[in-house]
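A.B. asks:
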Amino acid sequence: MNYFDYVNSDSQSRLALFLNTLSETNKTPEYFVNWEKVERETQKYELELTTLNYLIGKDNIAEVAKDLFIQQPQLLKAIPALLAARDRKLSILILDDDDNMEFVDLDFKNINIFKIDEYIEFLDNAGLLSFLKNSVQKNLVDFVYGVETGLDSNAHKNRSGTTMESILARKVEKTCMDLGYEFKEQATASWMKENWDIEVPVDKSQRRFDVAIFDSINNAVFVIETNYYNGGGSKLKSVAGEFKSLKRLIDSSPNKIEFAWVTDGKGWLTAQIPMSEAFQEIPNIFNLEMLRNDFIYHMINAN
1 MNYFDYVNSD SQSRLALFLN TLSETNKTPE YFVNWEKVER ETQKYELELT
51 TLNYLIGKDN IAEVAKDLFI QQPQLLKAIP ALLAARDRKL SILILDDDDN
101 MEFVDLDFKN INIFKIDEYI EFLDNAGLLS FLKNSVQKNL VDFVYGVETG
151 LDSNAHKNRS GTTMESILAR KVEKTCMDLG YEFKEQATAS WMKENWDIEV
201 PVDKSQRRFD VAIFDSINNA VFVIETNYYN GGGSKLKSVA GEFKSLKRLI
251 DSSPNKIEFA WVTDGKGWLT AQIPMSEAFQ EIPNIFNLEM LRNDFIYHMI
301 NAN
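According to UniProt numbering, the sequence shown is numbered sequentially starting from 1.
(1) Who are the Cβ neighbours of Glu118 in its own chain at under 7 Å, not counting the five residues just before and after it?
(2) Taking the CB atoms as reference points, tell me whether Val262 and Met164 lie closer together than 8 Å.
(3) Looking at Met299: is its Cβ nearer than 8 Å to the Cβ of Asn284?
(4) Excluding the 5 residues flanking Glu41 on each side, which residues of the same chain have their C-beta closer than 6 Å to its C-beta?
(5) Who pairs with Glu225 in a beta bridge, going by DSSP?
(6) Would you mind listing the beta strand (DSSP E) stretches within the segment 37 to 105 that are 3+ residues and don't spill past its ends, in chain order?
(7) Between which two residues does the beta strand (DSSP E) carrying residue 307 extend?
(8) From this set, Asp97, Glu102, Leu82, Asp98, which residue's C-alpha is nearest Ser91's C-alpha?
(9) Could you name the residues of the same chain whose beta carbon sits closer than 6 Å to that of Thr289, not counting the 5 residues immediately before and after it, in chain order?
(10) Mark Ala260 as exposed unless 16 or more other C-beta atoms lie within 10 angstroms of its C-beta, in which case mark it buried.
(11) Output yes or no for whether 8 Å exceeds the beta carbon distance between Val240 and Ala212.
(12) Please report the straight-line C-alpha distance between Arg292 and Tyr181, rounded to a whole angstrom.
(13) Is the number of C-beta pairs between the segment 215 to 234 and the segment 166 to 186 that are closer than 8 Å three or more?
(14) Going by DSSP, what residue range makes up the beta strand (DSSP E) through Arg208?
(15) Check for me: the alpha helix (DSSP H) holding Gly241 runs from which residue to which?
(16) Using C-beta distances below 8 Å, list every residue in its chain close to Lys77, excluding the 5 sequence neighbours before and after it, in chain order.
(17) According to DSSP, simplified to helix, strand and coil, what is Phe286?
(18) On the three-pair Cβ rule with 8 Å, is the segment 182 to 197 touching the segment 122 to 129?
(19) In chain order, what residues of the same chain lie with their CB nearer than 7 Å to the CB of Thr226, ignoring the 5 residues before and after it?
(20) Leaving out five residues before and five after Lys235 in sequence, what residues of the same chain have Cβ atoms less than 6 Å from its Cβ?
(21) Assuming Phe243 and Ile282 make a contact with CB atoms under 8 Å, what is their CB distance in whole Å?
(22) Thinking Leu15 and Phe279 are a contact (beta carbons under 8 Å), I'd like their distance in whole angstroms, please.
(23) Let me know if Ala65 comes out buried or exposed under the rule of 16 or more other beta-carbons within 10 Å of its beta-carbon.
(24) To the nearest angstrom, how far is the alpha carbon of Asn195 from that of Ser245?
(25) Could you tell me how far apart the beta carbons of Leu19 and Trp268 are, in whole angstroms, since I believe they sit closer than 8 Å?
(26) For the alpha helix (DSSP H) that contains Lys133, what are its first and last residues?
(27) Less than 8 Å between the beta carbons of Leu52 and Ile61, yes or no?
(28) Whose CA, out of Tyr3, Phe4, Leu83, lies closest to the CA of Asp124?
(29) Since Val144 and Ala85 are thought to touch, with beta carbons under 8 Å apart, how far apart are those beta carbons, to the nearest angstrom?
(30) From the DSSP secondary-structure annotation, give me the bridge partner or partners of Asp107.
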């Protein structure tokens, strides 16, 4: 089905085609590990980590570590990286043998030399000293590369959304080059008013449309949101309702503004009722297959 047949079909037919052409994945090769970030985060403490190699295999490691940190307290700044912690200020709950609780705050950004014993006790209780003594095979820089790679994998959920934004932006950029239109990623209503003199009504002041396109000849704006849901959940219902309401708000504008939503993922198979309601309000709901078939180009060129 081409774009024109699609948008001129009834909402249930469009929904059926949408659901039948959902993609298995949106994972590009770049999805899996952001190596640039891994490299950057590791190199932050490369000097400190190289110096901390001195502790590897030491028998009296607590005593040696204390002496080392007294001489070079800045080495403690690398400790969160070894513990796969992004925070540099750690709040820790200490339980003694009688289950008495004590809360300790340790700052690994601004080192408190008077708390060296507390730092050492924490490293011991966290198992890091034992790890350094018994388990490290080579060096801590290589170890942190592995830690950072693992931490980066936790960003997969967020990266799925940014992948969709990247795919959409590349498609829009090519379309706008062909048609001679302007476009802006992460466009706010205030930016569009200032630069294009078009007032786009929004449901929240901090709303940033993933992409906005400006047709200066017809004084028209196209605003596009995108996301991807591989799994189900209440989030899908709320997003469908949010964009349905946003479409109504945009339609209330006297300006020529068109809203489109590019979304995909098998998660939508679990949220067909809210999606059906969204399809009744929003003609331009596309998935990746439709993006591949230039629905964005035809949507813009037809208006």
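Positions of the beta carbon are idealized from the N, C-alpha and C atoms, including for glycine.
C.D. replies: Well, looking at it:
(1) Close CB contacts of Glu118 within its chain, under the 7 Å cut and outside five residues either way in sequence, are with Val104, Leu106 (chain order).
(2) yes
(3) yes
(4) Glu148
(5) Trp261
(6) 89 to 95
(7) Outside the shown range of the chain, which is 1 to 303, sits residue 307, and nothing can be said about it.
(8) Glu102
(9) At residue 289 the sequence reads Glu, which differs from the Thr that was named. These residues qualify, in order along the chain: Thr21.
(10) buried
(11) At residue 240 the sequence reads Ala, which differs from the Val that was named. Not in contact: Ala240 and Ala212 (Cβ atoms no closer than 8 Å).
(12) Taking the Cα positions, Arg292 is about 20 Å away from Tyr181.
(13) yes
(14) 208 to 215
(15) According to the DSSP assignment, Gly241 belongs to the alpha helix (DSSP H) that extends over 234 to 251.
(16) Tyr45, Glu48, Arg88, Phe108, Lys109, Ile111
(17) strand
(18) Not touching, per the Cβ criterion.
(19) The residues are Met164, Glu165, Leu168, Asp210, Val262, Thr263.
(20) none
(21) 7 Å
(22) 5 Å
(23) buried
(24) 26 Å
(25) Sure, about 7 Å apart at Cβ, within 8 Å.
(26) Per DSSP, Lys133 is one residue of the alpha helix (DSSP H) stretching across 128 to 134.
(27) no
(28) Leu83
(29) Rounded, the Cβ-Cβ distance is 12 Å, inconsistent with contact.
(30) Lys89
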